[in-house]
Every structure is written in structure tokens, then in C-alpha cells.
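Residue numbers (our numbering): 164 to 944.
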């Protein structure tokens with residue numbers, strides 16, 4: 164029976180793809196369908212009246228007007244297939260023949276539309292459920308539409324269920340091939356009737372967080388009932404042979420994904436005793452697009468890399484606006500900004516109610532403020548009370564203090580929750596930077612609505628200071644909830660932890676953390692995800708680069724590269740005598756791998772509310788999960804050698820997962836070459852290899868006085884960059900500006916064959932192959 168069901172799925176797969184393409188091609192052409200049918204009806208009536216009049220026998224002497232009503236009555240009979248033409252009137256005229264065919268077509272169409280529409284919808288719904296990778300959206304608001312659009316872009320079948328749909332919803336569904344089903348989402352009968360249990364993924368996005376949680380619980384119960392009714396899993400099974408959680412699929416992942424607008428509620432649910440706050444203990448997985456937007460921003464910004472490019476000793480992030488989005492960026496950045504060779508990050512928080520914000524954060528995340536984090540890993544948090552709508556970025560003393568301190572800003576982020584205010588303030592800050600009143604640094608502005616034109620801030624130009632982030636379309640595209648492989652690396656890291664844990668010194672209730680991934684609480688899963696997100700930074704710290712680093716993805720590793728990484732981890736010993744060639748900072752390998760991971764872990768545990776516990780002597784447990792005490796929450800130098808060595812396991816497990824012996828590309832060792840534009844007609848190349856074969860990072864350093872580039876120099880620069888971009892090792896192009904060349908004009912009396920430096924740099928972007936990262940750092944003040 165199982166084989167027949169699989170065959171049925173494949174049978175419907177190809178025809179439905181064809182129907183979807185036909186549906187998407189035709190439906191946009193029919194917005195005036197009703198108007199067109201009315202015109203056809205009137206044409207048929209006119210043709211019928213004229214046809215009956217022309218078919219009359221010449222012997223009949225009544226004029227046209229006296230027989231008009233009779234002709235009209237006979238014409239109406241055409242639509243019911245109930246009419247006869249008198250013998251004396253034959254042969255029928257051409258008008259009458261056309262009217263007959265038009266009437267038959269309109270009548271048949273009306274019958275199909277009225278009586279067969281529901282049958283077609285039910286057939287489509289049945290066929291959707293038979294297809295693989297079927298997705299269900301509960302709630303068809305702004306978020307639900309965005310997920311439905313992205314899933315259809317990935318060619319996944321989508322069914323959207325909501326209480327009611329308007330004309331705009333139906334038009335959107337027709338254009339994208341989405342099946343709409345009306346029903347009360349809070350009624351379990353609706354979920355049972357629509358049979359959502361067999362869906363690959365169910366996304367709940369009804370608008371209100373509490374409503375989403377309620378519907379998420381009901382949807383998880385429907386999924387469980389569907390599996391139980393088909394005998395796929397045993398209800399409530401706790402057998403080690405088949406561990407699972409309520410409402411999960413065969414891989415142990417929750418089928419139901421619940422969107423929460425509040426990031427605070429998201430964190431509280433993850434830390435709850437049941438994992439997600441559900442009465443069923445992990446029935447669904449909650450997520451927030453604001454958290455996804457924060458992670459996408461940090462992946463794009465690559466703050467530690469920017470800090471190193473500008474010669475800064477640590478990352479200094481300025482966040483303007485501390486709502487849900489600002490908090491999500493803060494907590495994500497505290498861990499993401501930890502990197503080898505850099506001091507603990509500094510974050511300046513600007514808000515018009517800064518005192519209230521500090522009080523709220525101190526209550527919710529007290530370990531960030533009470534000194535629980537050791538000093539050598541403790542991030543710095545500074546609160547500034549400012550109203551950005553009324554501040555002068557070139558004169559305000561508070562802004563001046565932020566800018567002229569020992570740690571200049573690495574980046575500014577505007578996320579007050581009001582897009583117009585953020586855009587206006589960001590543009591004023593950009594103007595102050597161009598006027599050299601403020602130190603130049605990248606400016607990121609949150610934009611929830613995709614309707615705001617990007618040209619206002621020039622975000623499509625990497626040479627500009629301002630760029631956007633957080634619009635719902637791009638955020639949904641990069642959301643972890645849609646990534647089928649997002650859980651694979653965290654699961655591998657957890658398995659490595661389970662395999663390396665020893666009975667000696669283990670806490671009493673360690674079983675909660677040593678369970679299989681399928682039965683792991685949500686807060687412990689999130690801790691593994693946090694470790695996985697930092698793997699990319701560790702590879703960069705080890706001296707490796709790869710294409711598409713700004714997308715947040717991890718590279719594949721060739722056997723040679725994986726072997727080099729494994730060797731670096733293996734030599735990370737207690738003496739710390741070995742160094743990593745090509746790494747951003749020449750520190751011992753132990754510091755790059757172990758110290759960095761320990762410092763990140765300290766910040767992550769502090770955010771989760773953990774603090775230092777007693778040492779493991781006299782039988783005292785090393786960790787108390789109930790009181791959130793851990794004796795490893797102390798300086799890295801105070802840890803024993805065995806504890807330090809454990810921090811190499813996550814990267815070692817990740818390397819084994821990323822290794823692909825059959826490839827000979829992927830991550831490349833960081834080898835740099837430099838081109839210097841000293842003046843308009845002077846170009847210098849500094850590289851061990853003139854052909855750039857092994858160069859993975861090409862640096863173009865532009866002198867402070869180089870505001871224009873002569874044509875011979877321009878041609879040579881283009882040839883050098885084009886040759887380098889063609890090489891397989893090319894991963895990153897870094898432009899270092901020693902002076903403000905962005906808006907430098909060419910004098911009318913100057914060389915007509917010269918171009919401004921900024922125009923030449925824009926030309927280089929077109930020469931880069933797909934995936935090569937283009938970065939720009941401003942070194943002037």
C-alpha cells in the first residue's frame with residue numbers, strides 16, 4: 164500500500180507543475196473577465212435579433228419593429244438550447260449561426276463555473292496533499308503572504324487557510340498558484356477537515372502572538388492525530404529506539420512553526436520548562452522574523468572583519484532604537500562580534516528612553532550587568548539618552564563622545580521601529596560623515612516595508628555608506644525556518660558533545676543535555692544553533708576565505724583544506740607555541756580556537772541567565788541546571804587543560820561535516836595581494852605572484868590624493884582585477900580608501916580621458932565573478 168501511495172505522488176507531480184505554469188500564464192490576462200463575458204452576451208443578443216429578422220420569409224410583410232419582441236424572445240431561448248427555426252425561414256442566416264454558437268459557449272461556461280468550481284477546488288486540494296513537500300500557511304496576512312510567495316518561488320506547493328479572503332488575496336493566490344481554504348483557525352474541526360497533518364511544514368502567522376501560540380498548539384495536535392491515525396508513530400512513545408517529541412516529523416523537527424512578533428516572548432518560550440511554552444512540551448517551534456533580520460544583518464556586515472580592516476582593536480556597534488528589533492540585534496551581535504585577536508565587543512545603545520531600556524534589560528538579562536562574565540570576555544554596554552529625530556549628528560556632544568573615543572564605531576544600525584525616522588536620521592549621519600564631521604562607518608537602516616525605494620539611500624551601490632536591511636521579503640528568503648538543512652550542523656555539534664562527555668565530574672541532571680536531538684529541549688537546541696552560527700567566524704579566524712561569505716552560509720571544504728584545519732586544531736596545545744599561517748592575527752592556535760569559543764560561550768550563557776558556580780570538589784556538581792550555575796563560567800586561563808580541549812570539538816565536528824573529498828575548491832587559505840593607486844597616473848602592485856593565481860583576497864589601496872584615475876592606469880587596473888577574478892582562489896575584493904574620494908569631481912580644464920576614482924571603483928564591481936565579496940573600508944577621519 165505504501166508503494167502505491169508513492170507512485171500516486173509521482174504521478175501527480177509532473178502534470179501539476181504543468182497546470183501551475185499554465186495557471187500562472189493565463190490568470191494575469193483575465194482581470195477584466197467579467198466585462199468580457201458581458202460584452203459577449205450583448206453581442207450574442209444583437210446577433211440573434213438580427214439573425215432571426217434576416218431569416219424570416221420574404222412573404223412576411225411585417226416590418227422589423229413589429230417583430231422585435233418576438234425576435235428578442237427567440238434569442239433568449241438560444242441560451243437554454245430550446246428553440247426551433249421554422250421551415251419557411253431556412254436556410255438560417257450567418258448572424259443567427261454566430262448567435263447560436265456564442266449562446267452555447269456562454270451557457271456551458273456558466274454551468275461549469277457555477278457547479279464545477281467547488282469540485283475543481285476539492286480536486287486541487289486533494290492533489291496538493293498528494294504532492295511531496297506540501298506546505299500549509301495558517302493566516303494570510305503580511306507575514307503569511309511573504310512566506311507563501313517565497314515557498315512558491317522555490318516551487319513548493321502551498322495551501323493557505325484563513326477565516327476569510329478578500330479580492331486582493333484571491334488575485335495574489337491566482338498569480339502565484341496558491342490554494343486558498345476558508346475556515347476558523349481556532350476550531351480544531353477546521354484543521355481536521357483540511358487534513359494538515361501530512362504537510363511538510365505548517366507556518367502559523369495570524370498576527371497576534373497569543374493567537375499564534377493557541378493555533379500552533381491546535382495544529383500540532385492535528386499533526387499528532389494524523390500520524391497516530393495512520394500508525395506511523397506511537398502516541399506518547401518514549402522508547403529510546405524511536406525517540407521523538409509531540410508533533411514532530413521523522414527527523415525530530417517540529418512540523419509546526421509559529422511566528423512571534425515579540426523577541427522577548429520568543430526567548431521566554433525557549434527557556435520555558437516545556438521548551439516552547441506548549442502544553443505538549445515542544446509541540447511547535449517558535450521563531451521571529453526580527454531575529455532572522457538581525458542574523459542576516461550580522462552575516463552581511465561581518466563586524467569582526469570590518470574592525471580588522473579599519474585597524475580597530477574591537478568591534479564597536481552603535482544601535483539606535485532599543486525595541487524588539489534592537490534587542491535582537493544586540494543579543495546576536497554580542498556573540499557574533501567575538502573573534503580572535505579582538506577585545507570583547509562594545510555596544511552603544513541610543514534611545515530616547517535609555518534609562519528605562521537599561522532597567523528593562525537589567526531585569527531580563529541581569530548576568531550582562533552584574534559582573535558574572537569574566538573581565539577578559541565581558542562586553543561593554545553603554546546607554547545614551549537621545550531623540551534621534553531632533554539630534555544634530557555634527558554638533559551633539561553625546562554623538563561626539565561616541566565618535567571620538569578610543570574605540571570608533573565599526574557600524575551604525577538604525578532600528579527605532581519607524582522607517583521614515585530611521586531613514587531621515589541615517590541620511591543626516593551620512594551627510595555628516597561626508598562633510599568629515601564624523602568618522603566614516605557603514606550605516607544600516609531597518610526597512611520593514613519593501614515599498615520604500617532603495618534609491619533614497621543608494622543601497623544598491625556598495626560605495627555608499629548607507630544600506631538597508633530587514634525588509635520582509637529578503638528576511639523571509641534567509642529565514643532559518645525555511646532552511647531544510649538548518650538543524651543538521653547543530654545536531655552534529657550536539658552529537659559531538661554527547662560523545663565527548665564523560666561520567667566523571669558530570670552534573671546530576673546532565674541527562675537533559677545528553678539526550679538525543681529528537682528529545683532535546685528547545686533552549687538546549689538553541690544553544691547548539693548559536694555554536695553553529697559562529698563556525699564561519701572561526702574558519703575566518705583560522706585564515707580561510709570563501710565566496711558568498713556575506714550570505715551567512717558555510718563553505719565546502721576540500722580534503723586538503725579540511726586536513727589543514729584538522730591539523731591546526733590538533734596542534735592547539737597547552738603550550739600555545741604553534742601559530743596559524745594566514746590568520747588575521749598571529750596568535751597561538753589555542754587562542755584562536757579555544758579561547759574564542761570559550762568567550763563566545765560565556766556571553767551566550769550570560770544571556771541565558773547562567774552564572775559561575777562552585778568548583779568541582781568534595782562531590783559538588785560542576786553544573787546545576789535548575790539554578791543555572793556552571794563552574795566553567797570563569798576566565799579561560801583558569802580552566803584546566805581537559806576543559807579547554809573540549810572547545811575544539813564543535814569545529815572539528817563541523818569540519819568533518821563540511822568536508823567534500825570529491826571537490827578541489829571551496830574555502831581558500833587567506834593569501835593577499837595589494838594594488839596601490841598612489842595618484843592619478845601611478846599604480847603599484849605588491850604581490851608575491853604577479854598573476855594572482857593563489858590570491859584569495861585582493862586589496863586595492865587608494866591614496867588620499869588619488870581623486871581621479873588616468874586612462875592608462877584605469878585600463879591596467881581593470882585588466883589586473885579581471886585576471887584575478889577569473890582565478891578559482893578569488894574570494895574577496897577589499898578597497899581601502901585613505902581619503903574621501905566618493906564625490907570628487909573632475910575639473911572642466913582637466914584631462915577629459917580621466918575618470919573619478921569612485922567611477923573606476925564602480926566599474927570593478929562588474930568584473931567580479933559570482934559570489935566574490937566586495938568590501939570597502941574608509942581609513943580616514
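Idealized CB from N, CA, C, for every residue including glycine.
- Report yes or no: do three or more beta-carbon pairs, one from the region 928-941 and one from the region 698-714, lie closer than 8 Å? yes
- Message: Quick check on this structure: which residue in 427, 449 and 494 has the alpha carbon closest to the alpha carbon of residue 460?
- Response: 494
- Helix or strand or just coil, what does DSSP make of residue 762? helix
- Query: Roughly how many angstroms separate the alpha carbons of residue 748 and residue 705, rounded to a whole number?
  - Reply: The pLDDT assigned to residue 748 is 48, lower than 50, so where the model puts this residue is not dependable; a value taken from the coordinates is nonetheless given after this. Cα to Cα, residue 748 sits roughly 9 Å from residue 705.
- Is it a yes or a no for the region 812-822 touching the region 646-658, going by three-plus beta-carbon pairs under 8 Å? yes
- Task: Output the boundary residues of the beta strand (DSSP E) element that contains residue 474.
- Result: Unbroken run through residue 474: none, as it is neither H nor E.
- Query: Which residue comes first and which comes last in the alpha helix (DSSP H) that contains residue 698?
  - Reply: 698-704
- Message: For residue 389, report the span of its alpha helix (DSSP H) as first-last.
- Response: 372-392
- From 527, 765 and 209, pick the residue whose C-alpha is nearest to that of residue 257; which is it? 209
- Item | Three-state secondary structure assigned by DSSP to residue 729 | helix
- On the three-pair Cβ rule with 8 Å, is the region 500-509 touching the region 579-597? no
- Message: Starting from residue 637, trace the alpha helix (DSSP H) in both directions and tell me its first and last residue.
- Response: 635-640
- Item | Distance between residue 563 and residue 881 (C-alpha atoms, nearest Å) | 40 Å
- Query: Helix, strand or coil for residue 597 per DSSP?
  - Reply: helix
- Pick helix, strand or coil for residue 714, following the three-state DSSP scheme. helix
- Taking 8 Å as the threshold, find out whether the region 677-693 comes into contact with the region 713-720 through three or more Cβ pairs. no
- Helix, strand or coil at residue 513 [DSSP, three-state]: strand
- Query: If we count the other Cβ atoms within 10 Å of its Cβ and call it buried at 16 or more, is residue 878 buried or exposed?
  - Reply: exposed
- Item | alpha helix (DSSP H) segments (min. 4 residues) lying fully within the region 795-830 | 804-808 and 812-821
- Buried/exposed call for residue 646, threshold 16 Cβ in 10 Å: exposed
- Cβ-based neighbour list, residue 927, same chain, cut-off 6 Å, excluding 5 preceding and 5 following: 884
- Task: Assess, as a yes-or-no matter, whether the region 576-588 is touched by the region 533-548 under the definition of 3 or more beta carbon pairs within less than 8 Å.
- Result: no
- Query: Buried or exposed: where does residue 310 fall if 16 or more other Cβ atoms within 10 Å of its Cβ makes it buried?
  - Reply: buried
- Task: Say whether the region 634-646 touches the region 478-493, bearing in mind that this needs 3 or more beta-carbon pairs closer than 8 Å, one atom from each stretch.
- Result: no
- Message: Assuming residue 217 and residue 241 are in contact, meaning their beta carbons sit under 8 Å apart, how far apart are those beta carbons, in whole angstroms?
- Response: The Cβ separation is near 15 Å, so there is no contact.
- Task: Tell me where the alpha helix (DSSP H) around residue 314 begins and ends.
- Result: 305-316
- Between residue 652 and residue 698, what straight-line distance do the alpha-carbon atoms span, to the nearest angstrom? 10 Å
- Are the Cβ atoms of residue 818 and residue 888 separated by less than 7 Å? no
- Apply the 10 Å Cβ neighbour rule to residue 453 and answer buried if 16 or more other Cβ atoms are within range, or exposed otherwise. buried
- Alpha carbon to alpha carbon, how far is residue 478 from residue 446? 39 Å
- Under 7 Å between the Cβ atoms of residue 834 and residue 857? yes
- Message: For residue 575, report the span of its beta strand (DSSP E) as first-last.
- Response: 574-577
- Message: DSSP three-state label for residue 646, please.
- Response: coil
- So with Cβ pairs under 7 Å, would you call residue 609 a contact of chain D? No chain D appears in the structure shown, which is made up of a single protein chain.
- Message: For a test of the three-state rule: what should DSSP assign to residue 919, helix, strand or coil?
- Response: strand
- Task: Could you spell out where the beta strand (DSSP E) holding residue 416 opens and where it closes?
- Result: Residue 416 -> no beta strand (DSSP E), and no H or E assigned at all.
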